[in-house]
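A.B. asks:
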Amino acid sequence: MPSNALSSVKEQSLQKLSHYGPVTSLKIFKSSLILAGYGPILKVYSVDKASNTTKLIFQKQVFGRNKIHSIAVSDEGKILVCGGRSFAVLKVDEEHCKLQVGSERAINEWIVSCAFLNETTALILNSHNTVYKIDVSQWDTEDQHFSLLEEVHCNEKSILYSGSIRILGNGDVYVAAGTVMNGVIIWNYHTKQILHNLTDHEGSIFGVKIDRNGKYVVSCSDDRSIKLYDLETAQLLATGWGHGSRIWNLDFFLQMDADVKIMSAGEDCTLRFWQYNQQESSLDQLELIENAHLGKHIWSSDIDDETLGLCVSGGADGKIRVHDLQNRGTLLSYSLVEISKQTGLTFQKNEIIKQYCELEVQTLFLTSHGQFFAMKANDSSFVKVTIPETLSKEFNNFGIMHGFKQSNSAIVCTRTGALLKIAFADEQEPSFEWIIESSSPNKVTNFLSYKGETSTYMFTDCPNPQIPFTFHILDHRLKIQKTLTLAQPERTFTSTFMHIDETNNWLFLGSRHATIAIYDLNSNSNANISLQVSAVFRKMCPGDTITSISFIEGNHNEATLLVTVRDGIYMYVKFSRVEDQEEFKFTILQENKLSKGFLEGAMIKDGSLIVYGFKSSHFYIWNETKQVEITNELCGGAHRKWELITYDEEADIDYKFIYINKSSLFFKTFKGRFTDANYGIINEGTHGREIRDIAISPVAYDDGNRLLLTASEDTTVRLSSVDTNGIITTYWCMNNHVSGMQKIAFINEEYAGSTAANEEFIIWKLSKLQASKVPVITEFARLPPSSDIPDLRIMDFTTIESTEGDIIVAAVYSDSSIKLWYLNTNTAQFVPLVEDRYTTCCILNVNFIKVKGQVLLVTGTTDGNVTIWDALECFLSTTDNTVTKLGPMLVKQQLHQSGVKALAIQYNDNDIHIFTGGDDNALVVSKLILSSNEVILEPISFVESAASSTITSISLVSTNKIFVTSVDQIIRLWTFNGEDLECDAATYTTVSDTGCSDAFSGTTNGTSLLFVGGAGLSVWK
Amino acid sequence: MGKSSKDKRDLYYRKAKEQGWRARSAFKLLQLNERFDLFSDIERVVDLCAAPGSWSQVLSRELFQKQDKKNAKIVSVDLQPMVPIEGVTTIQADITHPKTLQEILNVFGGEPADFVCSDGAPDVTGLHDLDEYIQAQLILAALQLTTCILKPGGKFVAKVFRGRDIDLLYAQLSYLFEQVICAKPRSSRGTSLEAFIVCLGYKPRAGWQPKLELNKSTEEFFRGSGIGKAENMQYLELPEDERLIAKFIACGDINDVDSDATYTLDTLDKIQSLNPVQLPTAPPYKRALELKRLGQANSKRV
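Order-wise, the sequence lines are chains A and B. So in my numbering the end of the first sequence lands on 1021, straight run, no missing numbers. So in my numbering the end of the second sequence lands on 10302, straight run, no missing numbers.
Pasting the structure below:
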């Protein structure tokens, strides 16, 4: 049996630049630091309570292989970190900004939890319910001689999933042990006596804690419940139900004098706060933070409600977030009775508040019966707005009101399109002025406005398609400068949103059925003739009503706009036309669909895309760029009058959401305590599930950065950029796939492709915004599935460019199918060329080889074979519309015992080498020999045990140099010297389920960046 | 996913139902046997972590029906209750308990076992290092019973996950067996880390007397066995672990059904969807699901 010498080879030649992965432990330290076990790396963040900012002050990999699963701190500030069998003692020297790190030490068992008994003694609870008492006084000496003083146990060595040690003020020490099969065991460390065996849970115990006063025990298990016990009596006090899956973490609040409160977090990515009310058998769920992390699993959390007023959570997505416990915004509500009392207005029985708008010092309201009142901003009191009855009756049953803060005025539109201006001045009654008197008998269905840089614009819609729209251009004091009529587009057009591009003087009107119309306001200044529509783009995307249009960037003859569709789609659309030509065209640069109910609008704020809308009974505001929820409000759902007002950075609040629920008026204000501190994200992360494939763009930007595409088990595709230091910045998280992903790859600079289960195969188009240089991505083409119920996985794909600039695509399937298409880059259509089949086994890899006038197709399969077909004929027949078979099978060679998991092809001057890695741990180099009459694949080098587990990927780094990943979590660089494979370097990676890689060599400095993906993502140099 | 779509995706699942196996894992043992001839010369067999019992079914058919060994004894042990299988003694017990060992020995009339197998796996959490540790503990628990009951020269087969520390286990097993092979049956999915250690030729450690005792951890059990398990160092330094790579052998005929492939049902006669042979047992979170269905789970948001 060969020994595993290949697990550590010249480790120093590989340097880890960055890592994103599961956050395995968190600890708030003395209300000033947050300690995070980021896999084997300890990260230390300082928390500034005044500015609410956090800063990474140290990070250091403290363990070679093990992840940090628990952290304990001593009174004097020593830190004990444990994980796997390893532990280490450290100290943060804040004064000298130093992290003093002791060496990695180990016991012979998995460690469940740890604590400091005193400054020189550590207690380590192992997975067999035994506490190791260890003298750590020598931790900062040269030898670091630790000695095991005693193994303390309660004579019940059940195997544990969880546990904790509680040291009380009076010196009592309790061990709370969460067993795999026997419930919770509470025992006394000093007496070694079992106090209680709590067996109310079903299944394994995943968390158990004793509060700092030693009065309560809380535990959670596989049964998804939380149980609170009295520590002294072992009486079950209450149970909390609500988590949708397993709970991994529990903690008591620090302040427990008045109420018993508990925080919990788990697999469902929610954080929940619970309160125990005496005499109630259920814990009361006080608050729920949903989508705290992406994908699955909050692995770690801690809470400081006492001083910092926050809790911190760490997910499988690699993110560390702080959540505010204090300032959660205000909610004020007023019933009509209350408003009536304050204003002196009498409301009719069926009278409701219809319209409102926020002005300079008040918010103005209009009722269904034409009454106006205002709420003063300074004291939130309601006052009547006296309006002559002749005016008031115009708004009986109809009135659409828009507010204009700058001029402290509102414009109200009547049913016939007359516009009344209500202008407020300091301490005076408002003035009323008709700026448009109604002249038409036609009803108005919508009144839209837009405030531009130079002018303000107003628009009234009419349901009769023969009657033109009316459009006014006003100055900022709301004086009409010009009025135009706009001929309605053909076919029904219900306007829903208006935007003006003042650079080009274009009017954009959003409508239903994802339709946008453009009027060129330059083209006609004759008031007597209606302006004709310049372009109508119908069904620009799936979905219905356009809910918002706003500006992203523009230029002469082009405007890129952010468009939202109620069904959940947001797009960046570039509208353009050629100088002196009338025809407009549009290109969708970015399109994504949110699975968040109704999307009502979007904006760019501090470089983040913020979207908002309704999901079931909630209104939400979501930061799409950062992938975090900003706030939500239980308002009853989408069917109500509502208004979202956004404030700039200097304001006291970020957002105000005004809505009506059950005829009462609600004002929800929100100020994110950590909005300016990266929304409380103190460490950026990656996908929420395992990464299945990684692709690096073939060409670098000028600054050396490259684009990075990752595909995950969470079905999303993330588009990021990576700099030369390995720091990853994510721009987009695309939801187009709905099935578990298989492969992602760049086709060239402009296109990429991705495949997944259920026959999903998407071709993506990549571009870049001009001003901000933000990369954008959109689905360019999608392969139609071959059956109504597609259940095949598309395992891999490969492409080759045709002479016409189109793309020939080959894909391989889980049912052994091989298909080729001609992808026309103008029409985005897949034209089938070849449908063939290998055997019945699953095909894992496919590649084209184009050399010396030949085109070959190479596959690797689960039966261990590498097979090569002649595919040249398929290319010659691209013009006729027949679907053919592949050319003759030239080679079928078994190289591995089972699945060929990885396959990479290298072209040298005269040789083609195929590197393969298998489920059988082997690495093989084969030489492809092409002669005029035959093709031979000759294995020339073979390493039987190139890893201790499945080899999952091979990436070419440079000539004859390959980067190999395997499930044993060792990454290896191999060089092929023409005869043998030699392992140049091998080192451990903390990325488990190690499944994919990519690599590139820098063109200038010659360093290579290596990417490893799995349960996390690491970048090595 | 309905029953039929799982049938389509997984031909072994369908075949298991057709052939009356309680789980598709029956094929894994059958394919291991095809390659390693595990079932010849065995009479006394222990199947650990046996529920729902497909491996016991395989052993029962093999020894009693095929080989007609009237004296064969098969004992299946699991913490979960198991529906009885003809000719198999089922024991609902903890495999780490000394009483369990005694019960098995009683069935065997005090004679040692010829073959011990375990297809056990814990529920996974998603923390790979923890899951691999728990699986390793399960194998060590099976192995400690094995060292107490297996005859010299006997065989041991167990499910493993080929994760980061699998080479530690290979190293330890190599002290106890003449041959240690990592075998991957074709019926085990290529996308899964699952494989089986096939350990042939048990060689008891000289001078070490394995003894199951109550409240002794697996570490304590193997203390002094000299199988290369790291013990506590004098000053708790990080020990150098012994690591070995076991030979990998894929087994099952290359033309057998591929567990990673998707098959078309049309090719398989138009068969009705079959009910599983054995229904799954109730999960611990059954009540949580019931409460959710009734809308009684606390879901208040503020």
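Even glycine gets a Cβ: it sits at the ideal position worked out from N, Cα and C.
Give me the chain A residues within the contact set of G10224 of chain B, using Cβ-Cβ distance strictly less than 7 Å, ordered along the chain.
C.D. replies: Residue 10224 of chain B sits at position 224 when you count from the first residue of the second sequence. Neighbours of G10224 of chain B on chain A: none; closest Cβ ~13 Å, over 7 Å.
A.B. asks: Do you know how far the Cα of M401 of chain A is from the Cα of I691 of chain A?
C.D. replies: As a working note, residue 691 of chain A is residue 691 in the first sequence. As a working note, residue 401 of chain A is residue 401 in the first sequence. Cα to Cα, I691 of chain A sits roughly 50 Å from M401 of chain A.
A.B. asks: Along the beta strand (DSSP E) that carries L10143 of chain B, what are the first and last residues, could you check?
C.D. replies: Your numbering for residue 10143 of chain B matches position 143 in the second sequence. Note, L10143 of chain B: premise wrong, no beta strand (DSSP E); alpha helix (DSSP H) at 10128–10149.
A.B. asks: Using 10 angstroms around the beta-carbon of E759 of chain A, count the other beta-carbons present and answer buried if the total reaches 16, otherwise exposed.
C.D. replies: Counting from 1 along the first sequence, the entry for residue 759 of chain A is found at position 759. It counts as buried.
A.B. asks: So which residues on chain B does T109 of chain A lean against when the C-beta distance must stay under 8 Å?
C.D. replies: Here the question's residue 109 of chain A lines up with position 109 in the first sequence. Here residue 109 of chain A is Glu; the residue named in the question, Thr, does not match the sequence. Here the neighbours are S10217, E10219.
A.B. asks: State whether the segment 50–58 of chain A contacts the segment 9–19 of chain A, with contact taken as three or more CB pairs (one from each stretch) at a distance under 8 Å.
C.D. replies: No: fewer than three Cβ pairs fall under 8 Å.
A.B. asks: Thinking just about the alpha-carbon of each residue, which of A:D714, A:A745, A:S720, A:I747 is nearest to the one in N735 of chain A?
C.D. replies: Within the first sequence, numbered from 1, the residue matching residue 735 of chain A stands at position 735. Ranking the options by Cα distance to N735 of chain A, first place goes to A:D714.
A.B. asks: Any contact between the segment 10109–10125 of chain B and the segment 10031–10047 of chain B? By contact I mean 3 or more CB pairs, one from each, below 8 Å.
C.D. replies: Because the criterion of three Cβ pairs below 8 Å is met, the segment 10109–10125 of chain B and the segment 10031–10047 of chain B touch.
A.B. asks: Is the beta carbon of N291 of chain A within less than 7 Å of some heavy atom of the ligand GDP?
C.D. replies: Of ligands this structure carries none, so the ligand GDP is not represented either.
A.B. asks: Note down, in chain order, every chain B residue with its Cβ under 8 Å from the Cβ of E104 of chain A.
C.D. replies: Translated into the one-based positions of the first sequence, residue 104 of chain A becomes position 104. Under the 8 Å cutoff, chain B gives L10238.
A.B. asks: If you draw a straight line from the C-alpha of V821 of chain A to the C-alpha of Y10263 of chain B, how long is it?
C.D. replies: Indexing the first sequence from 1 puts residue 821 of chain A at position 821. Indexing the second sequence from 1 puts residue 10263 of chain B at position 263. Correcting the residue identity first, residue 821 of chain A is Trp in this sequence and not Val. Straight-line Cα distance between these residues: approximately 23 Å.
A.B. asks: Taking C-alpha atoms, which residue in A:I500, A:I529, A:N528 lies nearest to A517 of chain A?
C.D. replies: As a first step, residue 517 of chain A is located in the first sequence; it is residue number 517 there, counting from the start. It is A:I500 whose Cα lies nearest to the Cα of A517 of chain A.
A.B. asks: With a threshold of 16 other CB atoms inside 10 Å of the CB of C220 of chain A, please say whether the residue is buried or exposed.
C.D. replies: Here the question's residue 220 of chain A lines up with position 220 in the first sequence. The residue is buried, with at least 16 neighbouring Cβ atoms inside 10 Å.
A.B. asks: Alpha carbon to alpha carbon, how far is W248 of chain A from K451 of chain A?
C.D. replies: Here residue 248 of chain A corresponds to residue number 248 of the first sequence, with the count starting at 1. Here residue 451 of chain A corresponds to residue number 451 of the first sequence, with the count starting at 1. Looking at the two C-alpha atoms, the distance is approximately 50 Å.
A.B. asks: Is F614 of chain A close to chain B? Criterion is C-beta to C-beta, closer than 8 Å.
C.D. replies: Against the first sequence, residue 614 of chain A aligns to sequence position 614. It does not: the Cβ of F614 of chain A has no partner Cβ on chain B nearer than 8 Å.
A.B. asks: Apart from the five residues on each side of it in sequence, which residues of its chain come closer than 7 Å, Cβ to Cβ, to L345 of chain A?
C.D. replies: Position 345 of the first sequence, counted from the first residue, corresponds to residue 345 of chain A. So the qualifying residues of the chain are Q371, F373, K384.
A.B. asks: With 7 Å as the limit, tell me which residues of the segment 832–860 of chain A have their beta carbon closer than that to any beta carbon of chain B; keep them in chain order.
C.D. replies: Flagged, chain order: T840, C841, C842.
A.B. asks: Please confirm whether G10190 of chain B has its beta-carbon closer than 8 Å to some beta-carbon of chain A.
C.D. replies: Against the second sequence, residue 10190 of chain B aligns to sequence position 190. Chain A, which has a Cβ nearer than 8 Å to the Cβ of G10190 of chain B, makes this yes.
A.B. asks: Would I10164 of chain B count as contacting chain A if we go by Cβ distances under 8 Å?
C.D. replies: Here the question's residue 10164 of chain B lines up with position 164 in the second sequence. Here the sequence assigns Arg to residue 10164 of chain B, which means Ile is not the residue at that position. Interface residue, yes.
A.B. asks: Can at least three beta-carbon pairs, one atom from the segment 10095–10113 of chain B and one from the segment 34–48 of chain A, be found at a separation below 8 Å?
C.D. replies: With a cut-off of 8 Å, the segment 34–48 of chain A and the segment 10095–10113 of chain B do not count as touching, because too few Cβ pairs lie within range.
A.B. asks: Could you check what DSSP says for K10099 of chain B in three-state terms: helix, strand or coil?
C.D. replies: Mapped onto the second sequence, residue 10099 of chain B falls at position 99. Helix at K10099 of chain B.
A.B. asks: Give, in chain order, every residue of the segment 121–135 of chain A whose Cβ lies closer than 9 Å to some Cβ of chain B.
C.D. replies: Hits within the stretch, in order: N126, S127, H128, N129, T130, Y132, I134.
A.B. asks: Short of 6 Å in beta carbon distance, which residues of its chain neighbour P698 of chain A, apart from the five on each side in sequence? Order them along the chain.
C.D. replies: What you label residue 698 of chain A is simply residue 698 of the first sequence in a count that begins at 1. Within the same chain, P698 of chain A has close Cβ partners F746.
A.B. asks: Out of A:E433, A:I658, A:R415, state which residue places its alpha-carbon closest to the alpha-carbon of A423 of chain A.
C.D. replies: Residue 423 of chain A sits at position 423 when you count from the first residue of the first sequence. Checking every option, the nearest Cα to that of A423 of chain A belongs to A:E433.
A.B. asks: Can you list, in chain order, the residues of its chain whose CB lies under 6 Å from that of K10270 of chain B, leaving out five sequence neighbours each side?
C.D. replies: Here the question's residue 10270 of chain B lines up with position 270 in the second sequence. With a pLDDT of only 44 at K10270 of chain B, under 50, the local geometry of the prediction cannot be trusted, and no value is derived from it.
A.B. asks: Suppose only complete runs of 3+ residues qualify. What are the beta strand (DSSP E) ranges in the segment 562–621 of chain A, listed by chain order?
C.D. replies: Listed in chain order, the complete beta strand (DSSP E) runs (minimum 3 residues) inside the segment 562–621 of chain A are 569–577, 584–593, 598–605, 608–615.
A.B. asks: Ends of the alpha helix (DSSP H) at Y10170 of chain B?
C.D. replies: Here residue 10170 of chain B refers to the residue found at position 170 when the second sequence is read from its first residue. That run of the alpha helix (DSSP H) goes 10166–10174.
A.B. asks: In three-state terms, what does DSSP make of R10015 of chain B?
C.D. replies: Against the second sequence, residue 10015 of chain B aligns to sequence position 15. The residue asked about is misnamed: residue 10015 of chain B is Lys in this sequence, not Arg. Correct three-state label for K10015 of chain B: helix.
A.B. asks: For the segment 149–177 of chain A, which residues have a CB atom closer than 7 Å to at least one CB atom of chain B, in sequence order?
C.D. replies: Going along the segment 149–177 of chain A in chain order, one finds N155, E156, K157, I159 with a Cβ nearer than 7 Å to chain B.
A.B. asks: Could you check what DSSP says for R10223 of chain B in three-state terms: helix, strand or coil?
C.D. replies: As a working mapping, residue 10223 of chain B is identified with position 223 in the second sequence. Three-state DSSP puts R10223 of chain B in coil, outside helix and strand.
A.B. asks: With a cut-off of 8 Å on the beta carbons, I'd call L890 of chain A and T916 of chain A a contact; round off their distance for me.
C.D. replies: Translated into the one-based positions of the first sequence, residue 890 of chain A becomes position 890. Translated into the one-based positions of the first sequence, residue 916 of chain A becomes position 916. With 8 Å as the limit, L890 of chain A and T916 of chain A do not qualify as a contact, their Cβ atoms being about 17 Å apart.
A.B. asks: Distance, Cα to Cα, Y356 of chain A vs F666 of chain A?
C.D. replies: One-based indexing of the first sequence puts residue 356 of chain A at position 356. One-based indexing of the first sequence puts residue 666 of chain A at position 666. If you take the alpha carbons of Y356 of chain A and F666 of chain A, they lie about 12 Å apart.
A.B. asks: Please go through the same chain and pick out, in chain order, the residues whose beta-carbon is closer than 6 Å to the beta-carbon of W732 of chain A, but skip the five residues on each side of it.
C.D. replies: On the first sequence, position 732 is the one that residue 732 of chain A refers to. Excluding residues within five positions, the ones whose Cβ falls inside 6 Å are L719, I777.
A.B. asks: Identify which residue in A:G64, A:I546, A:V925 has its Cα closest to the Cα of L10238 of chain B.
C.D. replies: Counting from 1 along the second sequence, the entry for residue 10238 of chain B is found at position 238. Nearest of A:G64, A:I546, A:V925 to L10238 of chain B, Cα basis: A:G64.
A.B. asks: Here's a check: name, in chain order, each residue in its chain whose Cβ is nearer than 8 Å to the Cβ of T675 of chain A, leaving out the five neighbours to either side.
C.D. replies: Position 675 of the first sequence, counted from the first residue, corresponds to residue 675 of chain A. I630, D654, listed in sequence order.
A.B. asks: For a test of the three-state rule: what should DSSP assign to K10292 of chain B, helix, strand or coil?
C.D. replies: What you label residue 10292 of chain B is simply residue 292 of the second sequence in a count that begins at 1. Here K10292 of chain B sits in helix by DSSP.
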